[in-house]
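Data first, discussion second: the structure below is written as structure tokens.
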Amino acid sequence: MSQWSQVQQLEIKFLEQVDQFYDDNFPMEIRHLLAQWIESQDWEAASNNEAMATILLQNLLIQVDEQLERVSQEKNLLLIHNLKRIRKLLQGKYHGNPMHIAVIISNCLREERRILAAASMPVQGPLEKSLQNSVVSERQRNVEHKVSAIKNSAQMTDQDVKYLEDLQEEFDFRYKTIQSLEQSDKNSALIKQEMLALQAMLNTLDYKRKEVLSKIGRVIHEIDMLMSNMLTEELLDWKRRQQIACIGGPLHGGLDQLQNCFTLLAESLFQVRRQLEKLDELLTRLTYDGDPIPVQRPQLLEKVNFLLYNLFRNSFVVERQPCMPTHPQRPMVLKTLIQFTVKLRLLIKLPELNYQIRVKATIDNNRRFVLCGTHVKAMNMDESANGSLSVEFRHLQPKEMKSSAGSKGNEGPHMVTEELHSISFETQVCLYGLTINLETSSLPVVMISNVSQLPNAWASIIWYNLSTNDPQNLSFFNNPPAATLSQLLEVLSWQFSSYVGRGLNSEQLNMLAEKLMGQQISYNDYQLSWAKFCKEHLPGKSFTFWVWLEAILDLIKKHILPLWIDGYIMGFVSKEKERILLKDKTPGTFLLRFSESNLGGITFTWVDQLENGDVTFHSVEPYNKGRLSALPFADILRDYKVIMADNVPENPLKYLYPDIPKDKAFGKHYSCQPNEVSKPSDGGGKGYVPSVFIPVSKILNDSRDPHSPSDLLPMSPSVYAVLREHLSPTVIETAVCCKVFHS
Numbered sequence: 001m002s003q004w005s006q007v008q009q010l011e012i013k014f015l016e017q018v019d020q021f022y023d024d025n026f027p028m029e030i031r032h033l034l035a036q037w038i039e040s041q042d043w044e045a046a047s048n049n050e051a052m053a054t055i056l057l058q059n060l061l062i063q064v065d066e067q068l069e070r071v072s073q074e075k076n077l078l079l080i081h082n083l084k085r086i087r088k089l090l091q092g093k094y095h096g097n098p099m100h101i102a103v104i105i106s107n108c109l110r111e112e113r114r115i116l117a118a119a120s121m122p123v124q125g126p127l128e129k130s131l132q133n134s135v136v137s138e139r140q141r142n143v144e145h146k147v148s149a150i151k152n153s154a155q156m157t158d159q160d161v162k163y164l165e166d167l168q169e170e171f172d173f174r175y176k177t178i179q180s181l182e183q184s185d186k187n188s189a190l191i192k193q194e195m196l197a198l199q200a201m202l203n204t205l206d207y208k209r210k211e212v213l214s215k216i217g218r219v220i221h222e223i224d225m226l227m228s229n230m231l232t233e234e235l236l237d238w239k240r241r242q243q244i245a246c247i248g249g250p251l252h253g254g255l256d257q258l259q260n261c262f263t264l265l266a267e268s269l270f271q272v273r274r275q276l277e278k279l280d281e282l283l284t285r286l287t288y289d290g291d292p293i294p295v296q297r298p299q300l301l302e303k304v305n306f307l308l309y310n311l312f313r314n315s316f317v318v319e320r321q322p323c324m325p326t327h328p329q330r331p332m333v334l335k336t337l338i339q340f341t342v343k344l345r346l347l348i349k350l351p352e353l354n355y356q357i358r359v360k361a362t363i364d365n366n367r368r369f370v371l372c373g374t375h376v377k378a379m380n381m382d383e384s385a386n387g388s389l390s391v392e393f394r395h396l397q398p399k400e401m402k403s404s405a406g407s408k409g410n411e412g413p414h415m416v417t418e419e420l421h422s423i424s425f426e427t428q429v430c431l432y433g434l435t436i437n438l439e440t441s442s443l444p445v446v447m448i449s450n451v452s453q454l455p456n457a458w459a460s461i462i463w464y465n466l467s468t469n470d471p472q473n474l475s476f477f478n479n480p481p482a483a484t485l486s487q488l489l490e491v492l493s494w495q496f497s498s499y500v501g502r503g504l505n506s507e508q509l510n511m512l513a514e515k516l517m518g519q520q521i522s523y524n525d526y527q528l529s530w531a532k533f534c535k536e537h538l539p540g541k542s543f544t545f546w547v548w549l550e551a552i553l554d555l556i557k558k559h560i561l562p563l564w565i566d567g568y569i570m571g572f573v574s575k576e577k578e579r580i581l582l583k584d585k586t587p588g589t590f591l592l593r594f595s596e597s598n599l600g601g602i603t604f605t606w607v608d609q610l611e612n613g614d615v616t617f618h619s620v621e622p623y624n625k626g627r628l629s630a631l632p633f634a635d636i637l638r639d640y641k642v643i644m645a646d647n648v649p650e651n652p653l654k655y656l657y658p659d660i661p662k663d664k665a666f667g668k669h670y671s672c673q674p675n676e677v678s679k680p681s682d683g684g685g686k687g688y689v690p691s692v693f694i695p696v697s698k699i700l701n702d703s704r705d706p707h708s709p710s711d712l713l714p715m716s717p718s719v720y721a722v723l724r725e726h727l728s729p730t731v732i733e734t735a736v737c738c739k740v741f742h743s
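Just so we're aligned, residue 1 is where the sequence shown starts under UniProt numbering, counting upward by one.
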């Protein structure tokens, strides 16, 4: 089943997450129509290879053309129209930058895998539960309801102001009519009666002015209360969800809803402002003793302007945090002289502001780094699929100043990756006589000068965003707080679900907890220090916990990803637990686990039974990325042979724990059928026999015994003689040999 088919079977709450990241940058129609073709291409590799990205973009357009031809024959007018529009959009947007669409599609496929992984996990962690609190959802509904009520109240007050204006015009006409009469006519009974009517009308005007001012005051008060309480909390919650999403957590939504609320409130405030201007206009035409307008209007106008200033300042947000396109799963880690992207949005979407707001990007004021590239751009509504007022910087590069480069050599690796910086943005809004200066900043970023610093830099980003919701604590690592172990383990599971498509279960997390704490504990409320996580070496090892875990992530991503996604790699299990699991199983049952002593290594252990009935366990020397680059891991499991004494070589791996036949588990991942001995005429160039790699091990008596010279050879002469009876010399001469330890 294709990945897209699996996505379509998700529950509605997960489908809503998928819907959030498909827009005009990569329309969902194309994802749906070309699902299998899209999933068969290597978009991640193309995101770093312009030539490959160019070819993929051309092929994508060819695929769209073929779909156009098909739907034209079916006379599906709507689909024909949409596909023509999409083709024109894709060609226009990415013709000059094909790597950008490769990055977008790679990110979409990755997010789909993360959501599929999240949907398959039965238990939510404490962080994810807090983000999906029912109280938060109720507050969101209340905010939307109150904003709608405020908008209606402002519109009703418009009608009151219009009635007041009409009443005053009538009064003004009748009053001027009397004033134009001769003095002798003003003493008539009819005129006196008219004067009494005018006095009654003036009383009504006074009452209506007070009523309108009171209604305006209530609207302003409602907006003030909403902004001070629920709307501020909603915005802070969205920013917190963004932090969590940046470190691999659930996708954050709700920005469009916030934009709707901010826009409606701004429209209501501008509407109230126009009402106050109309009252000022009425005041110039008519005033009297006790007139409420000159007393109340200035205060109300000052309050409206104050609320507009605050609303605009809060509406200027970083929609997508700084991120290098080459490392989409590692936002906020920026490498010097490498481009990064960042997107900002003004949540107040008014047509008058389109292309009128120019945003300037700068880096924090320590003068160590500067930003190169286009750092001033105008916000517009044309580049976003939902028409939001936004701007995306795509060509910014951090550059280290030469004056500070000399001091860099004195800094240790942790010093570099614990130094936080901030990308700042400023602009100015000029609208309806108001001038408002706006500023916002990205979440703290870590600058690196070499990709070898990326793992520790990413650890700093994880720790910061897990531990605090303060968006600008650049001195955080002067005294980093401890983190709750249960929350940290949840975030570590997110690293696997977001980066390699499958999170960790409770048993795997328990093993990591033991690895961090050195013993089996109840870790719900345990506090773990930053040093324990990322700076102190594991007991008896030359590396830290995080370096060990990051090496495993890299191994999975590059060499064993399909097997990990299928859930066939137990991975995180101690040797003691491994033996408990295998001891009662059928001989030949094996499991796969990550090495605890070798960085980025994976091994397998199988159970066997001796002639006397005793159970013994065998573990193969861990395979690292170098060896897995030469031979796929699934093929290693299929072709693996072991030789004991002078026995015939045989594959001891029969069942994947607990009892899954090996070929049933891994068969679809084999690169080809098991190799057979070939004759010179069967293949190979110029009469050569095709050669293959076959992993072969010789069982050693004990891993602690000193090795004899013959043990140090790939295999002993006697073993080699047995092997030659069953395999061609050209096959075995390239065999990969490794040690097996048993107990």
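Cβ coordinates follow ideal geometry from the N, Cα and C atoms, glycine included. Predicted, not measured: the structure shown is a model, and the values here were computed from it.
Short Cβ contact (9 Å threshold) for residue i with residue j
i, j, result
"K532", "F545", "yes"
"W238", "L264", "no"
"L308", "F270", "yes"
"L231", "L205", "no"
"L504", "M517", "no"
"L10", "L116", "yes"
"W494", "I216", "no"
"I80", "K93", "no"
"E29", "L109", "no"
"F496", "L553", "yes"
"G626", "A551", "no"
"R209", "D289", "no"
"Y175", "L198", "yes"
"I436", "R274", "no"
"residue 773", "L300", "This structure gives no information on residue 773, because the portion of the chain shown stretches from 1 to 743."
Reduced DSSP category for residue i - H, G, I as helix; E, B as strand; rest coil
i, result
"T263", "helix"
"H81", "helix"
"G571", "strand"
"N456", "helix"
"T468", "coil"
"Y94", "helix"
"N437", "strand"
"L371", "strand"
"S388", "coil"
"K208", "helix"
Sequence-distant residues of its chain with Cβ nearer than 8 Å to residue i (five each side left out)
i, result
"Q472", "S422, S441, P444"
"A35", "S2, Q3, W4, S5"
"F666", "L563, Y568, A634, L637, R638, L656"
"L286", "Q168, F171, D172, L205"
"N48", "M99, T326"
"E144", "Q257, N260, C261"
N-terminal and C-terminal residue of the beta strand (DSSP E) that residue i is part of
i, result
"A361", "358-363"
"D289", "Counting along the chain, D289 falls outside any beta strand (DSSP E), and DSSP gives it neither H nor E."
"K625", "Premise fails: K625 lies in the alpha helix (DSSP H), 625-630, not in any beta strand (DSSP E)."
"A378", "376-378"
"residue 789", "For residue 789 there is no data in the structure shown, the boundaries of the chain being 1 and 743."
"K594", "The question names Lys, but residue 594 in the sequence shown is Phe. 589-594 is the span of the beta strand (DSSP E), which, as asked, contains F594."
"I423", "423-431"
Contacts around residue i, its chain only, beta-carbon distance under 6 Å, and the 5 residues preceding and following it disregarded
i, result
"G406", "A caution first: G406 carries a pLDDT of 47, below 50, which makes its placement in the model too unreliable to give a value."
"W458", "R330, V333"
"V391", "L344, V359, K377, M379"
"S460", "T417, E418, V446"
Other residues of its chain near residue i: CB distance less than 7 Å, five sequence neighbours each side excluded
i, result
"L337", "Q397, K399"
"P587", "V607, D608, Q609"
"L712", "Residue confidence for L712 is low, a pLDDT of 31 falling below 50, so the modelled location carries little weight; the figure read from the coordinates is stated next. None."
"I223", "I150, L265, S268, L269, L307"
Host alpha helix (DSSP H) of residue i (start-end)
i, result
"V451", "Note, V451: premise wrong, no alpha helix (DSSP H); not H, not E."
"K349", "Unbroken run through K349: none, as it is neither H nor E."
"I602", "Careful: I602 lies outside any alpha helix (DSSP H), inside the beta strand (DSSP E) at 602-609."
The region 137-152 contacting the region 474-488, beta-carbon criterion three pairs below 8 Å: Counting Cβ pairs under 8 Å, fewer than three are found: no touch.
contact_flag[the region 645-661, the region 578-594] where n(CB pairs < 8 Å) is 3 or more: Touching, yes, given that three or more Cβ pairs across the two stretches are closer than 8 Å.
Contact the region 498-515 vs the region 557-569: 3+ CB pairs below 8 Å: Result yes; three or more Cβ-Cβ pairs closer than 8 Å.
Meets three-Cβ-pair contact criterion under 8 Å: the region 303-321 and the region 361-371: No, the region 303-321 is not in contact with the region 361-371.
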